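Notes for the one structure printed next.
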Amino acid sequence: MRPVTVPHTSHWGSFEAQVVHDAVVGLIPDEHDPEPTPVLRGVADALEADVRVRRPAVRESWLAGAVDGGERRPERRGGEPFVEVSWERALDLVAGELQRVREQHGNAAIFGGSYGWSSAGRFHHAKTQLHRFLTCFGGFTDQISNYSFGAAAAILPHVLGTASAASGELTSWDVLAEHTELFVLFGGIPLKNAQVESGGLSRHSTRGWLKTLKTRGTRFVAVTPQRDDAPEFLGAEWIAPRPNTDTAIMLGLAHTLFAEGLYDEDFLQRYCTGWDRFRRYLTGEDDGVAKTAAWAGAIADVDPAVIRSLAREMAVHRTMISVSWSLQRADHGEQPYWAAIALAALLGQIGLPGGGFGFAYGATGTKGNARYPFPAPVLPVGTNPVTGAIPAARIVDMLVSPGADYEFNGETRTYPDTRLVYWAGGNPFHHHQDLNRLIRAWQRPETVVVHEAFWTATARHADIVLPATTTLERHDIGAASHDGRIVAMKQAVPPRGEARNDVDIFTGLAERLGIAAEYTQGRDEMDWIRHLYETTRASAAEHGYHLPEFERFWADGSVEVPTGSHVLLGAFRDDPEANRLVTPSGRIELFSETIDAFGYDDCPGHPAWLEPSEWLGGASAERFGLHLLSNQPSARLHSQLDMAAASRDTKIAGREPCRLNPADAAARGIRDGDVVRIYNDRGSCLAGAVLSDALRRGVIHLPTGAWYQPAAPSGRGEPHALEIHGNPNVLTRDAGTSRLGQGAAAQTALVEVERYAQPAPEVSVTSEPPNLTEDGAGVETR
Ligand SMILES: Nc1nc2c(c(=O)[nH]1)N[C@H]1C(S)=C(S)[C@@H](COP(=O)(O)OP(=O)(O)OC[C@H]3O[C@@H](n4cnc5c(=O)[nH]c(N)nc54)[C@H](O)[C@@H]3O)O[C@H]1N2
Ligand SMILES: Nc1nc2c(c(=O)[nH]1)N[C@H]1C(S)=C(S)[C@@H](COP(=O)(O)OP(=O)(O)OC[C@H]3O[C@@H](n4cnc5c(=O)[nH]c(N)nc54)[C@H](O)[C@@H]3O)O[C@H]1N2
Ligand SMILES: [Mo]
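With UniProt numbering as the guide, the letters of the sequence shown map in order to residues 1 to 782.
Below, the structure written as structure tokens:
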């Protein structure tokens, strides 16, 4: 039988699903995609995975508590069987609990931030659906910003007037290809990251653009502890600093430009404010320490001559400075971004084609594409009446310190008293730092509700788990504002098991809570998709873009939206008066009176080198001698698709591979392929060793995303159990980047590693559901 083909898109790319008798038999990448990713195939694997959540399930003690008012035993989360119940029963329980918590504690006690990437479709975007539902219910405590670039999102508005340079407003590839002579990549430009885009990706074009730049003669310098952060064909010069010391290098470069008269005084006077103050710091007039190349080299463990010669090269060439997001996911992560802007300001090329700075080329598949000038389709959420949103990465602080004050970007705020946690479309047991701390904090709320398609660690640590559909089981619309295509995502197959769309789950709850009319606005799935598309079509028309009407779009399967060309801060450079920045001075702030007035020692009024809490040059390196790089995984998206073949094939003895420099391995008696134990005072995990000279000495590389599996279930009161699969977040530190940004600082962590000589327990978390029992007469109430 010939397969029916169905257009669709995903975080990994656009494709056609080939369907025979309600089974997906193939995924054909979009014909326009020059370089589809092998990870894409996992979308079909996931559909049929053994670890799918098939029926609504309630943790045993929680259910018993709901029936007879007994103890719900929140400390048993993660270690108790689940009872599978009917949808009717599950929805009654959730609706009843939402009402109880609202009545007894108010809406702020409902934590619905639900951070996470969800799936690509803009209508069935789980987190957005939850926000819309909870807003209709009277509000919830939300999360501000994100784990990706929380520090940058806080600092950049002070410096540039907007955070958009952090989220990917960059000088576009076509401009770089024509003008950039020297491309300096702090954190590299790892092509593994360009495989994905939130909202969908119709063309993987980053490698193609880099090849074009290379062919046209651009020179590349990669500043990173891992050589392969820059693809080999770039022939990049590799500068391998100690992790978290990039700010010092940038200051050393800036000092060299200043000392050798290679800087652009005119640019600094005309387009910036605060040069005088920053210069006093740079030269040591303030603190007696000149931030010379020699000073920087000693901190970063890089030859000062290399820093000096790079500064000279940068001054005489059209130079683009790229800084990866990873650099600011570290202690004092605000500083490398501010320092990079200051360095670019000394060079005086900001706003010139191909020069200046750009945050995170390659971080996702569309970075470096211009964006279309109207918003991509997005589900409206309304206005949340609860205003006390927390910085995204401060969730554990919130759970453990209800009522406590904390500082954030110049404000003193207060943590709410969380009673109910509701998650849909995210995986905190993947994304949060110091998971052992999270596990203790997770015992505090009275109820945890999770919508998931899979038995992730977060689902396993919930009280009520509601089975969600995956993207192939529903109609949707996919779009990303820097991707040149809006995609009709058609349903390929019916839902597996009893899975329901998040929107249908919320509609069921909304009906019970009397808010269905407001939540649904009388629209069904196709009505909404049409509405989102037509809204976009109308705003496109205001910008002179003529998109076809809905029927035509849906029948065609997608529509092209040209994205054009862009020079970051080009308009500002052309006319700084007419295009004043939205900073207090209207210019780029190298010294910020505002930040200075906050009085934060962890984020002073100008870019500065501040010693990280843990780093190879610090005292703690005596006990834990390796800096952990827990970067994004190449064969999945975070924890998504860890059960699929592409990710499974990378594992060593079923565990996540961790890479070590051969000399570091030899010093510890570790050989390639060994199972190792990585540890520090916060936790420990097993992983499979891979020796590689692509790493500088003193660093160890364990990507994120291996599903958390403790040797002893957390519900048995052992928050410090050995993690056996290779999840780096049992090792990372849970502290904000600074009081300004309060961002995630996962890249600041020291560890040690040893060969694991004992027999290692088998990893089952991605292949076996937890212990499930039938809803028996004993606990049934209706
Ligand atoms: N150590 C360390 N930790 C990190 C980072 C790091 O660099 N180092 N990076 C951080 C960053 S930048 C990020 S963005 C986070 C990512 O963290 P997350 O975004 O939380 O990670 P995902 O694995 O993408 O989680 C998405 C979850 O949503 C589920 N899902 C997908 N579609 C649907 C749907 O339609 N409905 C429902 N109900 N669920 C759905 C998926 O099954 C998956 O479990 O991790 C952060 N954590
Ligand atoms: N395949 C895949 N792609 C992804 C994701 C995924 O999960 N899988 N996640 C997406 C998301 S949500 C995000 S936010 C982006 C993240 O984009 P990034 O934050 O840029 O990605 P990372 O892979 O964490 O880090 C890039 C490199 O920075 C280097 N690095 C780490 N610390 C330092 C340091 O202190 N100094 C220097 N110079 N280099 C350092 C590491 O060697 C690392 O390989 O990736 C996106 N792309
Ligand atoms: Mo991210």
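All C-beta atoms in this analysis are idealised placements derived from N, C-alpha and C, irrespective of residue type, glycine included. Bear in mind that the values here come from a model prediction, so they are computed numbers and not experimental data.
Residue 146 beta carbon near ligand 3 (any heavy atom closer than 7 Å): yes
Per DSSP, cross-strand counterpart(s) of residue 514: According to DSSP, which records beta bridges pairwise, residue 514 is partnered with nothing at all.
Beta-carbon proximity check, residue 123 vs residue 519, cutoff 8 Å: no
Span separating the alpha-carbon of residue 3 from that of residue 25: 8 Å
Element boundaries [beta strand (DSSP E), containing residue 521]: Neither: residue 521 is in no beta strand (DSSP E) and is coded neither H nor E.
contact_flag[the region 160 to 173, the region 408 to 421] where n(CB pairs < 8 Å) is 3 or more: no
Cβ neighbour criterion (16 or more within 10 Å) applied to residue 564: exposed
Start-end ranges of the alpha helix (DSSP H) lying completely within the region 18 to 56, minimum 4 residues: 42 to 47
Residue from 14, 97, 47 with nearest C-alpha to residue 464: 97
Neighbour-count burial assignment, residue 543, 16 or more Cβ in a 10 Å radius: exposed
Touch test, the region 736 to 745 against the region 320 to 330, Cβ-Cβ under 8 Å, three pairs minimum: yes
Buried or exposed by the 16-neighbour rule on C-beta atoms within 10 Å, applied to residue 403: exposed
Own chain partners of residue 414 with C-beta closer than 6 Å, once the 5 adjacent residues on each side are dropped: 405
beta-carbon residue 630 near ligand 1 non-hydrogen atom, thresh 7 Å: yes
Pair within 8 Å by beta-carbon distance, residue 195 and residue 39: yes
Unbroken alpha helix (DSSP H) run spanning residue 305, endpoints: 304 to 316
Three-state class that DSSP yields for residue 320 in the structure shown: strand
Supposed close pair residue 199, residue 489 - CB separation, criterion 8 Å: No, residue 199 and residue 489 are not in contact; Cβ-Cβ is about 11 Å, not under 8 Å.
Per-residue DSSP class, three states only, for residue 638: coil
Stretch pair the region 539 to 556 + the region 386 to 400: three plus CB contacts closer than 8 Å: no
Proximity test, residue 741 beta-carbon vs ligand 1 heavy atom, cut-off 7 Å: no
Any non-hydrogen atom of ligand 2 closer than 7 Å to residue 164 Cβ: no
Any alpha helix (DSSP H) of 4 or more consecutive residues that is wholly inside the region 143 to 213: 150 to 160, 164 to 167, 173 to 179
Residue span of the beta strand (DSSP E) that contains residue 647, given as start and end: Unbroken run through residue 647 is the alpha helix (DSSP H), 645 to 648; no beta strand (DSSP E).
Residue 561 and residue 485 closer than 8 Å at C-beta: yes
Closer than 7 Å: residue 80 CB and nearest ligand 1 heavy atom: no
Whole beta strand (DSSP E) elements within the region 609 to 635, 3-residue minimum: 626 to 629
Contacts around residue 505, its chain only, beta-carbon distance under 7 Å, and the 5 residues preceding and following it disregarded: 451, 466
Contact the region 642 to 650 vs the region 668 to 682: 3+ CB pairs below 8 Å: no
Any non-hydrogen atom of ligand 1 closer than 7 Å to residue 131 Cβ: no
Assigned secondary structure, residue 413 (DSSP; H/G/I helix, E/B strand, else coil): strand
Limits of the unbroken alpha helix (DSSP H) element including residue 341: 334 to 347
Check whether residue 762 and residue 50 have beta carbons under 8 Å apart: no
Touching by the beta-carbon criterion (3+ pairs, under 8 Å), the region 309 to 329 and the region 595 to 605: no
Straight-line gap, residue 351 to residue 573 (C-alpha atoms, nearest Å): 5 Å
Beta-carbon spacing of residue 224, residue 311 below 8 Å: no
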